[in-house]
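Heads up: the sequence shown is residues 1 to 915, going by full-length UniProt numbering.
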Amino acid sequence: METLKSRIPEHLVQTVKSSSSVDDLLSSSSSLLRFLVGLPQFHQAVSELADPDLGCCGKSQESSLDLKRSGNLCFRSRSFDDALRFYSKALRVARDNTLLASLFLNRANALHNLGLLEESLRDCHRALRIDPCYAKAWFRRGKLNTLLGNYKDAFRDITVSMSLDSSSAGKKQLQNELLAIPDFQNKQTSENTLCFAAADLPNVQSEVKLRCVSTKEKGRGMVSESDIEQASVIHVEEPFCVVISKSCRETHCHFCLNELPPDSVPCPSCSVPVYCSESCQIQSGGMLSTNEMDKNSIFHNLPDDIVDHIKGVTSAVRYYSETECLQEHQHECRGANWPAVLPSDAVLAGRVIMKLINQGETAMDLSNLHDKLDLSHSYSKMSPESKLELHLLSIVLIWCLNKSCCPDLSVCEASVSQTIILLSQIKVNSMAIVRMKSSGDSFKCIPAGNVSAKEPIQSLEQIRVGQALYKIGSLFNHSCKPNIHLYFLSRGLVMRTTEFVPVGCPLELSYGPEVGKWDCKDRIRFLEEEYFFNCRCRGCSQMNISDLVINGYCCVNTSCTGVVLDSSVAACESEKLNHFLAAAKSLDHHCLIRVGQALYKIGSLFNHSCKPNIHLYFLSRGLVMRTTEFVPVGCPLELSYGPEVGKWDCKDRIRFLEEEYFFNCRCRGCSQMNISDLVINGYCCVNTSCTGVVLDSSVAACESEKLNHFLAAAKSLDHHCLVSEKVYAGVSEVASSLLIKPSGSLHIKADKCLKCGSRCEVENSHVEVNKAWNHLRRVEELMNSGRANISVLSDCLRSIAVLRTFLHMYNKDIADAEDKVAQACYLAAEMKGAREHCEASIKILKRLYGDEHVVIGNELVKLASIQLASGDSSGAWETTKRLSQIFSKYYGSHAETLFSYLSCLKLEAAKAVNL
Numbered sequence: 001m002e003t004l005k006s007r008i009p010e011h012l013v014q015t016v017k018s019s020s021s022v023d024d025l026l027s028s029s030s031s032l033l034r035f036l037v038g039l040p041q042f043h044q045a046v047s048e049l050a051d052p053d054l055g056c057c058g059k060s061q062e063s064s065l066d067l068k069r070s071g072n073l074c075f076r077s078r079s080f081d082d083a084l085r086f087y088s089k090a091l092r093v094a095r096d097n098t099l100l101a102s103l104f105l106n107r108a109n110a111l112h113n114l115g116l117l118e119e120s121l122r123d124c125h126r127a128l129r130i131d132p133c134y135a136k137a138w139f140r141r142g143k144l145n146t147l148l149g150n151y152k153d154a155f156r157d158i159t160v161s162m163s164l165d166s167s168s169a170g171k172k173q174l175q176n177e178l179l180a181i182p183d184f185q186n187k188q189t190s191e192n193t194l195c196f197a198a199a200d201l202p203n204v205q206s207e208v209k210l211r212c213v214s215t216k217e218k219g220r221g222m223v224s225e226s227d228i229e230q231a232s233v234i235h236v237e238e239p240f241c242v243v244i245s246k247s248c249r250e251t252h253c254h255f256c257l258n259e260l261p262p263d264s265v266p267c268p269s270c271s272v273p274v275y276c277s278e279s280c281q282i283q284s285g286g287m288l289s290t291n292e293m294d295k296n297s298i299f300h301n302l303p304d305d306i307v308d309h310i311k312g313v314t315s316a317v318r319y320y321s322e323t324e325c326l327q328e329h330q331h332e333c334r335g336a337n338w339p340a341v342l343p344s345d346a347v348l349a350g351r352v353i354m355k356l357i358n359q360g361e362t363a364m365d366l367s368n369l370h371d372k373l374d375l376s377h378s379y380s381k382m383s384p385e386s387k388l389e390l391h392l393l394s395i396v397l398i399w400c401l402n403k404s405c406c407p408d409l410s411v412c413e414a415s416v417s418q419t420i421i422l423l424s425q426i427k428v429n430s431m432a433i434v435r436m437k438s439s440g441d442s443f444k445c446i447p448a449g450n451v452s453a454k455e456p457i458q459s460l461e462q463i464r465v466g467q468a469l470y471k472i473g474s475l476f477n478h479s480c481k482p483n484i485h486l487y488f489l490s491r492g493l494v495m496r497t498t499e500f501v502p503v504g505c506p507l508e509l510s511y512g513p514e515v516g517k518w519d520c521k522d523r524i525r526f527l528e529e530e531y532f533f534n535c536r537c538r539g540c541s542q543m544n545i546s547d548l549v550i551n552g553y554c555c556v557n558t559s560c561t562g563v564v565l566d567s568s569v570a571a572c573e574s575e576k577l578n579h580f581l582a583a584a585k586s587l588d589h590h591c592l593i594r595v596g597q598a599l600y601k602i603g604s605l606f607n608h609s610c611k612p613n614i615h616l617y618f619l620s621r622g623l624v625m626r627t628t629e630f631v632p633v634g635c636p637l638e639l640s641y642g643p644e645v646g647k648w649d650c651k652d653r654i655r656f657l658e659e660e661y662f663f664n665c666r667c668r669g670c671s672q673m674n675i676s677d678l679v680i681n682g683y684c685c686v687n688t689s690c691t692g693v694v695l696d697s698s699v700a701a702c703e704s705e706k707l708n709h710f711l712a713a714a715k716s717l718d719h720h721c722l723v724s725e726k727v728y729a730g731v732s733e734v735a736s737s738l739l740i741k742p743s744g745s746l747h748i749k750a751d752k753c754l755k756c757g758s759r760c761e762v763e764n765s766h767v768e769v770n771k772a773w774n775h776l777r778r779v780e781e782l783m784n785s786g787r788a789n790i791s792v793l794s795d796c797l798r799s800i801a802v803l804r805t806f807l808h809m810y811n812k813d814i815a816d817a818e819d820k821v822a823q824a825c826y827l828a829a830e831m832k833g834a835r836e837h838c839e840a841s842i843k844i845l846k847r848l849y850g851d852e853h854v855v856i857g858n859e860l861v862k863l864a865s866i867q868l869a870s871g872d873s874s875g876a877w878e879t880t881k882r883l884s885q886i887f888s889k890y891y892g893s894h895a896e897t898l899f900s901y902l903s904c905l906k907l908e909a910a911k912a913v914n915l
């Protein structure tokens with residue numbers, strides 16, 4: 001792509017880059033398309049991408065045979081894991097049915113030797129559907145069924161194998177096998193060995209009513225038409241289109257996006273996708289390989305029950321209707337390189353285009369594509385370089401679709417311009433489908449009182465497995481203090497409220513940044529850069545202790561709890577506070593109040609809030625949304641587009657939303673005071689007895705704007721707009737000076753304690769903090785290499801002391817450092833220290849996020865594993881109950897489906913307290 005870009009004349013580059021609006025697209029697209037069509041290098045590049053004969057993604061009999069030979073060598077040397085890997089690779093590129101059947105049986109043998117009996121049985125099943133006369137496969141299946149206790153099926157399997165074996169020696173051996181099977185008449189038969197991936201989405205409660213509204217500040221968004229209780233499922237949705245992340249192509253199913261089992265199923269037509277089951281393979285557009293056994297006269301003389309058994313094994317178990325078979329991969333399934341090479345956004349766009357064409361929903365010049373999707377975009381706000389890349393990528397994509405799978409698709413300025421709009425829609429509307437993964441390959445419950453020095457603390461990691469468009473899900477706006485939480489069940493999106501949402505309240509989720517996670521300036525920057533809007537949610541427009549202290553420094557007065565901000569944080573907090581005060585006269589209560597990629601038509605209607613009141617997740621391809629708090633009638637239903645109060649500070653949330661979603665966030669997280677926004681990056685006061693926070697200039701500016709906006713609005717606001725008692729108490733602890741109403745505009749000063757006014761040298765503090773963190777990172781490298789010891793632990797404690805000397809006590813850096821020290825203690829078998837430091841980290845995070853945020857639930861998993869390992873059974877039980885409550889709020893009954901370790905953790909904790 002860069003080579004093509006370098007060939008474009010400068011005047012044409014400038015023409016494309018200066019296309020300021022959608023109205024200019026036809027002209028700029030036509031000019032660039034006309035030039036590229038006459039460029040030999042362009043035709044060479046797209047031929048390499050679109051011509052299946054030049055591709056490396058097709059089937060290859062020679063490669064398959066080579067891989068099979070390598071697998072056989074590993075099998076003979078008893079390297080069964082390597083044999084399994086080679087056989088699976090060979091299956092992906094094998095074309096001939098005879099070879100496929102042989103490979104499935106070879107892999108079944110490897111799986112059998114690895115103790116994976118159910119998986120081995122499924123591979124035998126696959127071999128027999130291809131070749132019902134495969135005597136060795138029937139024999140292997142019989143052996144497996146015997147081991148699994150399915151004696152009736154085992155007897156029938158070996159009987160079929162005997163009918164196919166012509167040698168007397170073979171028949172005698174099989175007869176002995178039959179005699180070795182226990183009394184099969186009184187035993188069970190095997191269930192069907194076909195594996196079907198299914199994850200039913202939950203139902204939205206009948207009383208939950210949502211409405212799409214349009215506001216000046218945020219455009220379209222979702223609100224509640226009735227009060228919604230906390231933890232309510234408010235929205236579920238299957239994706240309009242989805243694509244797997246490139247990093248997960250070898251580890252996750254290309255349809256449902258769940259982890260691949262050892263007996264993965266290849267695509268029958270190309271070598272790219274792999275699936276967890278025949279169900280996903282068929283629904284994605286593949287076909288199930290079967291042979292008609294009726295043509296095999298060898299079976300005609302067998303007893304009826306044996307014939308029925310053969311038919312049951314070799315026939316497809318489930319048939320899918322045309323509506324169930326999405327065929328989303330079919331147009332890519334010709335061996336061309338472009339689906340494997342182009343960016344995920346472009347592959348997702350190709351799936352959207354082909355889906356609408358196959359449904360007859362769009363013209364071949366795509367002229368009505370924008371109207372059919374009805375999704376927002378921010379093309380005009382994108383950078384000139386991004387506009388050039390979108391033009392070039394759109395032309396390449398349309399050309400590849402035309403040459404590889406859809407010759408009727410028109411390659412013209414209309415189709416190119418519509419594809420540019422589509423890509424810009426995907427940029428701001430698609431959702432990252434994620435999975436929560438525990439540390440290590442799988443969560444292992446450690447019996448109470450036992451711990452290995454090499455085992456890490458159990459913790460959670462978010463893995464991006466795909467990207468999807470949810471049409472309705474994309475309508476939920478962002479808030480850095482969201483009131484909804486989203487998660488995924490397979491491909492399905494689920495949203496839940498995380499707090500009570502009153503009627504008419506916006507339902508907002510986080511697009512990534514949250515109060516408590518980043519400070520305000522970083523949230524604002526991220527949202528501006530990624531979503532092209534200036535966040536003014538409740539997390540970015542109100543004073544949050546998190547934004548003041550998350551990166552704050554401590555006061556030089558050792559008795560002062562105040563926070564000292566650096567210049568960037570101080571500037572952001574000042575801007576936030578001043579904006580809030582100035583706008584208060586005209587604001588109503590509504591204004592004060594982010595593994596695959598898919599489009600959900602209705603899901604895309606939900607607006608963002610940094611304090612969302614709904615949470616989404618996915619069940620298979622389906623989108624589910626739940627309320628995370630009570631939502632009163634008429635209240636907007638909003639989710640977070642990524643930024644949330646407690647995750648980032650206000651300025652970073654606002655910047656992120658402006659850059660990625662092209663709006664200036666004014667949600668309840670960006671319009672109200674949050675302690676998280678004050679302390680998340682704050683410094684401590686020099687007065688050691690002062691609890692005040694010191695902000696840098698950018699945070700101070702952001703918080704100033706927010707507070708001024710808030711104060712100016714006070715005369716016309718009802719009680720929903722006022723600072724809550726909880727927030728007031730938090731801000732009073734670290735920034736009491738902000739609660740004194742000024743006579744004019746308020747400017748938060750950087751480098752000064754916001755409680756006692758003491759001056760702090762933030763730049764000097766910043767240098768010392770960086771030194772401590774550099775040391776902590778070196779210590780972390782030692783821990784990761786398994787060289788943790790008491791000396792390493794002492795070094796960690798010294799670094800923590802430095803951080804606590806300069807950073808505010810609620811600064812998120814201290815929480816991160818305490819978490820690392822807990823890990824070091826755990827590895828050094830210092831359980832008491834591990835628990836204390838883990839609890840210290842959680843204590844800070846509670847001030848940033850709140851007591852019941854999902855982040856606290858994730859941290860409690862670590863604490864419970866420490867308590868179990870140290871023999872504190874009652875503590876582990878109480879912690880497990882608490883984290884279960886939190887996960888129930890965000891995921892409802894799907895919590896144990898999404899987090900498989902949860903039931904294991906509950907069981908171990910219950911056993912430890914003899915429940």
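Note that the Cβ used here is the ideal one computed from N, Cα and C, for glycine as well.
Only a predicted model underlies this, so the values are computations on that prediction, with no experimental measurement involved.
Going by the CB atoms, is the gap between ILE866 and CYS838 shorter than 7 Å? As a working note, residue 838 is residue 838 in the sequence shown. As a working note, residue 866 is residue 866 in the sequence shown. Going by C-beta atoms, CYS838 is nearer than 7 Å to ILE866.
If you draw a straight line from the C-alpha of SER202 to the C-alpha of TYR553, how long is it? By one-based count along the sequence shown, residue 202 stands at place 202. By one-based count along the sequence shown, residue 553 stands at place 553. Residue identity check: residue 202 is Pro in the sequence provided, not Ser. C-alpha separation (whole angstroms): 45 Å.
Under the three-state reduction of DSSP, which class applies to GLU261: helix, strand or coil? Your numbering for residue 261 matches position 261 in the sequence shown. Per the sequence presented here, residue 261 reads as Pro, with Glu not at that position. For PRO261, the three-state secondary structure derived from DSSP is coil.
Beta-bridge pairing of GLU328 - partner residues as DSSP gives them: Position 328 of the sequence shown, counting from 1, holds the residue named residue 328. Its beta-bridge partners do not exist; DSSP assigns none.
Determine the contact status of ILE472 and TYR600, defining contact as a CB-CB distance below 7 Å. Numbered from its first residue, the sequence shown carries residue 472 at position 472. Numbered from its first residue, the sequence shown carries residue 600 at position 600. Note that the C-beta distance between ILE472 and TYR600 is below 7 Å.
Are the CB atoms of ILE158 and LEU128 within a distance shorter than 7 Å? One-based indexing of the sequence shown puts residue 128 at position 128. One-based indexing of the sequence shown puts residue 158 at position 158. The answer is no: Cβ separation not under 7 Å.
DSSP three-state label for GLU217, please. Here residue 217 corresponds to residue number 217 of the sequence shown, with the count starting at 1. Looking at GLU217 - three-state DSSP - the assignment turns out to be coil, as it is neither helix nor strand.
So, are the CB atoms of LEU148 and HIS391 less than 7 Å apart? Looking up residue 148 in the sequence shown gives position 148. Looking up residue 391 in the sequence shown gives position 391. No, the pair does not count as a contact, with Cβ atoms beyond the cut-off.
Are the CB atoms of SER232 and THR627 nearer to each other than 7 Å? In the sequence shown, the residue the question calls residue 232 occupies position 232. In the sequence shown, the residue the question calls residue 627 occupies position 627. Yes, they are a contact pair.
For ILE433 and PHE155, I'd like the C-alpha separation in whole angstroms. Position 433 of the sequence shown, counting from 1, holds the residue named residue 433. Position 155 of the sequence shown, counting from 1, holds the residue named residue 155. Their Cα atoms are separated by approximately 45 Å.
Alpha helix (DSSP H) containing VAL46: first to last residue? Residue 46 sits at position 46 when you count from the first residue of the sequence shown. Residues 40-50.
Going by Cα to Cα distance, which pick from LYS68, PRO384, LEU114, ASN557 is closest to ARG78? Locating residue 78 in the sequence shown gives position 78, where the first residue counts as 1. It is LEU114 whose Cα lies nearest to the Cα of ARG78.
May I have the straight-line CA-CA distance separating ALA363 from LEU369, to the nearest angstrom? Working through the sequence shown from its first residue, we reach residue 363 at position 363. Working through the sequence shown from its first residue, we reach residue 369 at position 369. Put simply, the backbone Cα of ALA363 is about 8 Å away from that of LEU369.
Report, in whole angstroms, the separation of the C-beta atoms of PHE663 and GLY219, which I expect to be a contact under 8 Å. Here residue 663 is taken as the residue at index 663 of the sequence shown, counted from 1. Here residue 219 is taken as the residue at index 219 of the sequence shown, counted from 1. Indeed they touch by this definition, with Cβ atoms about 7 Å apart.
Whole angstroms are fine: how far does the CA of VAL428 sit from the CA of VAL265? Translated into the one-based positions of the sequence shown, residue 265 becomes position 265. Translated into the one-based positions of the sequence shown, residue 428 becomes position 428. Looking at the two C-alpha atoms, the distance is approximately 33 Å.
On the criterion of 16 or more Cβ atoms from any shown chain inside 10 Å, does SER541 qualify as buried, or is it exposed? Residue numbering aside, residue 541 sits at position 541 when the sequence shown is read from its first letter. So SER541 ends up on the buried side.
Who are the near neighbours of ILE395 in its chain, counting only those whose CB is closer than 7 Å to its CB and skipping five residues on each side? The residue given as residue 395 occupies position 395 in the sequence shown. Excluding the 5 residues flanking it on each side, ILE395 has same chain C-beta neighbours closer than 7 Å at LEU32, LEU33, LEU36, VAL416, in chain order.
What does a CB cutoff of less than 8 Å around TYR661 pick up in its chain, not counting 5 residues either side in sequence? Numbered from its first residue, the sequence shown carries residue 661 at position 661. Once the five neighbours on either side are set aside, the close Cβ partners of TYR661 are SER378, VAL428, HIS478, TYR511, LEU527, GLU530, TYR531, PHE532, PHE533, HIS608, TYR641.
Beta-carbon proximity list for SER271, same chain, < 7 Å, skipping 5 on both sides: Here residue 271 refers to the residue found at position 271 when the sequence shown is read from its first residue. Cβ within range, chain order: CYS57, GLY58, LYS59, ARG92, VAL93.
Start and end of the beta strand (DSSP E) containing TYR661? Numbered from its first residue, the sequence shown carries residue 661 at position 661. TYR661 -> not in any beta strand (DSSP E); alpha helix (DSSP H) instead, spanning 650-661.
If contact is defined by three or more beta carbon pairs under 8 Å, each pair taking one atom from either stretch, is the stretch 683-691 in contact with the stretch 555-571? They touch, by the three-pair rule.
Can you tell me whether ALA801 is buried or exposed, with buried defined as 16 or more other CB within 10 angstroms of its CB? For the purposes of this step, residue 801 is identified with residue 801 of the sequence shown, where counting begins at 1. Exposed, because fewer than 16 other Cβ atoms sit within 10 Å of the Cβ of ALA801.
To which residues does DSSP link LEU486 through a beta bridge? If you number the sequence shown from 1, residue 486 lands on position 486. Partner(s): MET495, LEU616.
Just to confirm, are MET436 and LEU460 a CB contact at a threshold of 7 Å? Here the question's residue 436 lines up with position 436 in the sequence shown. Here the question's residue 460 lines up with position 460 in the sequence shown. A distance below 7 Å separates the beta carbons of MET436 and LEU460.
Between LEU49, SER383, LEU397, which lies nearest to SER21 when the distance is taken from Cα to Cα? Taking the sequence shown and counting its residues from 1, one reaches residue 21 at position 21. Nearest of LEU49, SER383, LEU397 to SER21, Cα basis: SER383.
Minimum length 4: unbroken alpha helix (DSSP H) runs contained in the stretch 345-399: Considered as a whole, the stretch 345-399 harbours 369-373 as its complete alpha helix (DSSP H) runs of no fewer than 4 residues, in chain order.
Return helix, strand or coil for SER704, following the three-state DSSP convention. Locating residue 704 in the sequence shown gives position 704, counting from the first residue. Of the three classes helix, strand and coil, the one that applies to SER704 here is helix, per DSSP.
Where does the unbroken beta strand (DSSP E) through LEU25 begin, and where does it stop? Position 25 of the sequence shown, counted from the first residue, corresponds to residue 25. No beta strand (DSSP E) holds LEU25; the alpha helix (DSSP H) holding it covers 25-37.
Should THR146 be labelled buried (16 or more other beta-carbon atoms within 10 Å of its own) or exposed? Reading the sequence shown from its first residue, position 146 is the one you call residue 146. THR146 should be labelled buried.
Per DSSP, which residues does THR314 bridge with? Please list them. As a position in the sequence shown, residue 314 is number 314, starting the count at 1. Assignment of beta-bridge partners to THR314 by DSSP yields no partner.
Can you tell me whether GLY646 is buried or exposed? The criterion is at least 16 other CB atoms within 10 Å of its CB, across all chains shown. Taking the first residue of the sequence shown as position 1, residue 646 is located at position 646. Looking at its Cβ environment, which holds 16 or more other Cβ atoms inside 10 Å, GLY646 is buried.
Where does TYR810 sit, in a helix, a strand or coil, going by DSSP? Counting from one through the sequence shown, the residue named residue 810 turns up at place 810. Correct three-state label for TYR810: coil.
Assigned exposure category for ALA169 - 16 Cβ within 10 Å defines buried: Against the sequence shown, residue 169 aligns to sequence position 169. ALA169 comes out exposed.
Going along the chain, which residues of its own chain have a beta-carbon closer than 6 Å to the beta-carbon of ALA910, five neighbours each way excluded? Translated into positions along the sequence shown, residue 910 becomes position 910. In its own chain, leaving out the 5 sequence neighbours on each side, no residue places its CB closer than 6 Å to the CB of ALA910.
Assigned secondary structure, HIS478 (DSSP; H/G/I helix, E/B strand, else coil): Here residue 478 corresponds to residue number 478 of the sequence shown, with the count starting at 1. Strand, per DSSP.
Name the one or two DSSP bridge partners that residue 917 has. This structure leaves residue 917 out entirely; the chain is present only between 1 and 915.
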